[in-house]
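Novice: Okay, here's the structure, questions in a sec.
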Amino acid sequence: MGSGKTKRLRSFEEWMRANGIQWDRSRVDLVDSLAHCSGLALGVSAVENIEQGDVLCVIPKAACLSTKTTAIAGLLEAEQLGGGACVVCCSCRAPRGRAAAK
């Protein structure tokens, strides 16, 4: 396990790469430490000073959770629940890959 990263963090980085998410590894570190962040304890830590306007990460729209990418997207559309159902779709995220968001 030479990298010092937890299994959870390595899995998250793997998911990010698989979904086309790119981040500047020379300027930011992904961390899995309760001392540095809250909630699920996954966070981002600056390795150096960051200037306003610097691009540190590129996240394709298909990798974002929304009412269109949730596992229950068809149900939300059929019931015409729209954007107000975002809380519901957050609890219904299923691994669907990039093809599902097209």
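If you count the sequence shown from 1, position 85 lands on 84 in numbering that gives the first Met the number 0, and the numbers rise without skipping.
Where a beta carbon is used, it is the ideal one built from N, C-alpha and C, also for glycine.
Since this is a predicted model, take the numbers as computed values, not measurements.
For residue 59 and residue 18, I'd like the C-alpha separation in whole angstroms.
Specialist: Position 60 of the sequence shown, counted from the start, is the residue given in the question as residue 59. Position 19 of the sequence shown, counted from the start, is the residue given in the question as residue 18. Taking the straight line joining both Cα atoms gives about 8 Å.
Novice: Out of 42, 55 and 56, state which residue places its alpha-carbon closest to the alpha-carbon of residue 8.
Specialist: Stepping through the sequence shown from its first residue, residue 8 is reached at position 9. The residue with the shortest Cα to Cα distance from residue 8 is 42.
Novice: Give me whichever residues DSSP pairs with residue 41 in a beta bridge.
Specialist: As a first step, residue 41 must be located in the sequence shown, where it is residue number 42. 31, per the DSSP bridge assignment.
Novice: Excluding the 5 residues preceding and the 5 following residue 100 in the sequence, name in chain order all residues of the same chain whose CB lies nearer than 6 Å to its CB.
Specialist: On the sequence shown, position 101 is the one that residue 100 refers to. Because the pLDDT at residue 100 is just 44, under 50, the model does not fix this residue reliably, and the point stays unresolved.
Novice: Is it buried or exposed, residue 75, if we count other Cβ atoms within 10 angstroms and call 16 or more buried?
Specialist: Working through the sequence shown from its first residue, we reach residue 75 at position 76. Burial call: buried.
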